[in-house]
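Chemist: Quick one: structure below, then a few questions.
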Amino acid sequence: MTAMCDVAFLLLSFFVMTATAKQPEPKPVDTPASTVIDKLPEEGVGTITVGDKQVFFTIPRNIRRSTLERVGTEKGLKFTEGEYKAFENTEGFGVPLNQIKGLLALKPAQRTEPGFQKGIPYDSINDQLTVWVKQAREANKAVYDAQLQEGKITAEEFGKKGDLAIAIKGDAKEDFITVKRVIDILQEQKKNKFFLITGLRNEDF
Amino acid sequence: MAELNTGGGGGDGKKVRSKKSNPGVDLTAMVDLAFLLITFFMLTTTLSKPQSMPLAMPDKSPKDQPKDDTKIPEERMMTVLIGKDNKILWYLGQLKTPIIAPTETVFGKNGVRKDILKNTAYAKKHTTKEDEGLIVNIKASDAASYKNLVDILDEMAINKVQLYAIGDITKEETDLLKEKGLY
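Top to bottom, those sequences are chains V and B. Numbering of the first sequence is given in our numbering, commencing with residue 1 and proceeding in unit increments. Numbering of the second sequence is given in our numbering, commencing with residue 206 and proceeding in unit increments.
Set out below in structure tokens:
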């Protein structure tokens, strides 16, 4: 009993210390595997999740608020303080702009219910993904621009972090056309470098 | 560790009793709780950070396109078309006058990898420069899945292809895929 207890607590302390809570995602996807072992940068990456022809966007926490402010200004939407707070705590989201207020009014558990969010529109008629990505990139640039002016970071660091890194997290079974459309949207705003999130391949490929 | 010493000093006249039992503290509840917490943390942690594959696409905007008339030698130009059901069709050179005619293959080490290695060797023979190798143009059709794209990009990384790009599929190439029953 004593030994078991010891082991149990050892494991427990290990998990408590290494734990980074998994954020609930509105769209769980099964990423394809690859042999590439580069890790995704921990911070400053905006993630576009693609699955079932739906697109979701996760903005890094530090620029969530300013991104929403910018999108609001561009689209003539006003948000309350409470809505900004709620948006800051929303990991990823995928609703059209006209539903975003409704989404933020809900409880967090309701927001991430599977199938509740239907994705950000990204077709050429109503292309809101472009708006979000553009404003997130500008918000990110503004943050680091300010730091550069204050002399907190060097010009070299600004070159690295100034442009928001974008990662595409696609479902393995997703059609190539959907992903292609997302890539095209990024390329239209001259975002030619991005990451594809993959899992680790362990079978003999 | 967690036993209580209940021996007692025993000096009140009666004969000293041998220690009958040594009752331990009941740890069951504590261990239960510990394992419950372990389970919780195990399920909620993400131990491995996601892998990421960097991808650079060629700039699309036409106005700041530098004038570049460098000819790509046909011997080093491989085009990979991805069709439906994880099938690949590849050819070397130009579509109209291919050096190696369109060949059907599959993903994996016994499929496209062998072809890429063969073509890399072929390309190396037709160049004098050390750092020049095969150039692969990846064209996925509408029938392809995202997994196919990642797999072929992975193949590029495995085979250390000198240069590769993702291009848009042309009508002729789609027709070719249709002809072969891969679209």
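All C-beta atoms in this analysis are idealised placements derived from N, C-alpha and C, irrespective of residue type, glycine included.
#1: Check whether chain V comes within 8 Å of D290 of chain B, counting only Cβ atoms and requiring the distance to be less than that.
#2: For the stretch 284-353 of chain B, list the alpha helix (DSSP H) runs that are entirely contained and at least 4 residues long, ordered along the chain.
#3: Using only alpha-carbon positions, find the residue among V:I59, V:L77, V:K75 and V:T20 that is nearest to F87 of chain V.
#4: Apart from the five residues on each side of it in sequence, which residues of its chain come closer than 7 Å, Cβ to Cβ, to Q54 of chain V?
#5: Using three-state DSSP, classify S257 of chain B as helix, strand or coil.
#6: Taking only the alpha-carbon atoms, compute the straight-line gap between E25 of chain V and P108 of chain V and give it to the nearest angstrom.
#7: For V179 of chain V, which residues in chain B fall below 8 Å Cβ to Cβ?
#8: Alpha carbon to alpha carbon, how far is D127 of chain V from P220 of chain V? Give it in angstroms, no decimals.
#9: Compare the beta carbon distance of Y388 of chain B and G288 of chain B with 8 Å and say whether it is the shorter of the two.
#10: Is the shortest distance between the beta-carbon of L12 of chain V and the beta-carbons of chain B less than 8 Å?
#11: In its own chain, which residues sit with a C-beta less than 6 Å from the C-beta of T67 of chain V, not counting the 5 before and 5 after it?
#12: Per DSSP, what kind of secondary structure is I197 of chain V in: helix, strand or coil?
#13: At 9 Å on the CB atoms, spell out the chain V contacts of P259 of chain B, in chain order.
#14: Going by alpha carbons, who is nearest to A326 of chain B out of B:E309, B:G313 and B:K365?
#15: A172 of chain V lies in the alpha helix (DSSP H); which residues open and close that run?
#16: Taking only beta-carbon atoms, is D320 of chain B less than 8 Å away from chain V?
#17: Please state if the CB of V36 of chain V and the CB of T178 of chain V are separated by a distance shorter than 8 Å.
#18: Would you identify the three-state DSSP class for G159 of chain V, choosing helix, strand or coil?
#19: Just confirm the distance between the C-beta atoms of K292 of chain B and E309 of chain B, as a whole number of angstroms; I'd bet it's less than 8 Å.
#20: CB-CB under 8 Å to S124 of chain V, same chain, minus the five flanking residues each way: which ones, in chain order?
#21: Going by DSSP, what residues sit across from D127 of chain V in a beta bridge?
#22: State the Cα-Cα distance for the pair G215 of chain B and G229 of chain B, rounded to the nearest angstrom.
#23: Tell me, please, whether the CB atom of E91 of chain V is closer than 8 Å to any CB atom in chain A?
#24: Quick check on this structure: which residue in B:K352, B:M247, B:N227 and B:A370 has the alpha carbon closest to the alpha carbon of G313 of chain B?
#25: I want to see whether chain V comes within less than 8 Å of L232 of chain B, judged by CB atoms only; does it?
#26: Within 8 Å of any Cβ in chain B, is that where the Cβ of K173 of chain V sits?
#27: Report the rounded CA-to-CA distance for L97 of chain V versus Q367 of chain B, giving the unit in angstroms.
#28: Do we get a CB-CB distance below 8 Å when we pair L294 of chain B with the residues of chain V?
#29: Over what stretch of residues does the alpha helix (DSSP H) that includes Y84 of chain V continue unbroken?
#30: Report the partner residues of G46 of chain V according to the DSSP bridge assignment.
#31: Return the CA-CA distance between A348 of chain B and G170 of chain V, expressed in angstroms with no decimal places.
#32: Tell me, which residues are paired with I371 of chain B by DSSP?
#33: Run through DSSP, which three-state label would M4 of chain V get?
#34: Return the first residue and the last residue of the alpha helix (DSSP H) that Q110 of chain V is part of.
#35: Which residues in the same chain as L196 of chain V place their Cβ atom closer than 6 Å to its Cβ, once the five residues preceding and following it in sequence are excluded?
Modeler: Per the coordinate set shown:
#1: no
#2: 317-330
#3: V:I59
#4: K27, G94, K118 and G119
#5: strand
#6: In this structure, the CA atom of E25 of chain V is about 11 Å from the CA atom of P108 of chain V.
#7: Y351 and L354, listed in chain order.
#8: With chain V represented from 1 up to 205, any question about residue 220 of chain V goes unanswered, as that position is not in the structure.
#9: yes
#10: yes
#11: So the list reads I59, Q135, A136 and A139, once near-sequence residues are dropped.
#12: strand
#13: V36, D38, K193, F194, F195 and L196
#14: B:K365
#15: No alpha helix (DSSP H) holds A172 of chain V; DSSP gives it neither H nor E.
#16: no
#17: Between T178 of chain V and V36 of chain V, the gap from beta carbon to beta carbon reaches 8 Å or more.
#18: Three-state result, G159 of chain V: helix.
#19: 6 Å
#20: none
#21: V:Y122
#22: The predicted model places G215 of chain B with a pLDDT of 45, which falls under 50 and marks its position as unreliable, so this point remains unresolved.
#23: Given the protein chain composition of this structure (V and B), no chain A is represented.
#24: B:K352
#25: Yes - at least one Cβ of chain V is within 8 Å of the one on L232 of chain B.
#26: yes
#27: 43 Å
#28: no
#29: Per DSSP, the unbroken alpha helix (DSSP H) holding Y84 of chain V starts and ends at E81 to E88.
#30: V:I166
#31: Cα to Cα, A348 of chain B sits roughly 16 Å from G170 of chain V.
#32: I371 of chain B pairs with B:I343.
#33: In the three-state reduction of the DSSP assignment, M4 of chain V falls in the helix class, which pools H, G and I.
#34: P108 to R111
#35: I168
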